[in-house]
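A.B. asks: Counting in the UniProt record's numbering, the sequence shown runs from 1 upward without gaps. Glycine included, every Cβ here is placed at the ideal spot set by N, Cα and C. Just so we're clear, the structure is a prediction, and the values are computed from it rather than from any experiment.
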Amino acid sequence: MIKMKKIEAIIRTSKFEEIHECLLGLGVKFLAIYEVKGMGMEHPKAQTYRGIAYEPAYIPRTKIEVVVPEKLVEGVVDCILTKGRTGQVGDGKIFIYEALSAYRIRNNDTGEEAL
Numbered sequence: 001m002i003k004m005k006k007i008e009a010i011i012r013t014s015k016f017e018e019i020h021e022c023l024l025g026l027g028v029k030f031l032a033i034y035e036v037k038g039m040g041m042e043h044p045k046a047q048t049y050r051g052i053a054y055e056p057a058y059i060p061r062t063k064i065e066v067v068v069p070e071k072l073v074e075g076v077v078d079c080i081l082t083k084g085r086t087g088q089v090g091d092g093k094i095f096i097y098e099a100l101s102a103y104r105i106r107n108n109d110t111g112e113e114a115l
């Protein structure tokens, strides 16, 4: 049985296209993206809405989720690290989890074939 990993990354929205192209080049077959808001070491910049200044509590980011065979994990992480890095606070985080199994609903494929 092939081991699989789920990789979640919270990234700058402006870096998504570069990361996406790199992941496609690796052969990543499954990708989910989400618009998220978060907080961390970077502080939100003051904004103005209808003439009133305010400081948002959260910063908009993009969350990427991929499930890949274990052999692709290093490449996926490298894509995210190299294409997502600006060197500034707020570049994001990567989390890696075990993916016990995967199923394709359409035809009951399992494991790597389901990706």
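Do you know offhand how far Lys-6's Cα is from Leu-31's?
C.D. replies: Residue 6 sits at position 6 when you count from the first residue of the sequence shown. Residue 31 sits at position 31 when you count from the first residue of the sequence shown. Computed Cα separation, rounded: 10 Å.
A.B. asks: Using DSSP with H/G/I as helix, E/B as strand and the rest coil, what is Lys-29?
C.D. replies: Locating residue 29 in the sequence shown gives position 29, counting from the first residue. Lys-29: coil per DSSP, three-state reduction.
A.B. asks: Can you give me the Cβ contacts of Lys-29 inside the same chain, cut-off strictly under 6 Å, excluding the 5 residues immediately before and after it?
C.D. replies: In the sequence shown, residue 29 corresponds to position 29, counting from 1. These residues qualify, in order along the chain: Leu-115.
A.B. asks: With 16 other CB atoms within 10 Å as the buried threshold, where does Arg-106 fall?
C.D. replies: Position 106 of the sequence shown, counting from 1, holds the residue named residue 106. By the neighbour-count rule (16 or more Cβ atoms within 10 Å), Arg-106 is not buried but exposed.
A.B. asks: Just verifying my parser: in three-state terms, what is the DSSP assignment at Glu-70?
C.D. replies: Mapped onto the sequence shown, residue 70 falls at position 70. In the structure shown, Glu-70 sits in a helix (DSSP, three-state: H, G or I).
A.B. asks: Could you check whether Val-73 and Ala-99 sit closer than 8 Å to each other, using their CB atoms as the reference points?
C.D. replies: By one-based count along the sequence shown, residue 99 stands at place 99. By one-based count along the sequence shown, residue 73 stands at place 73. Contact flag unset, no.
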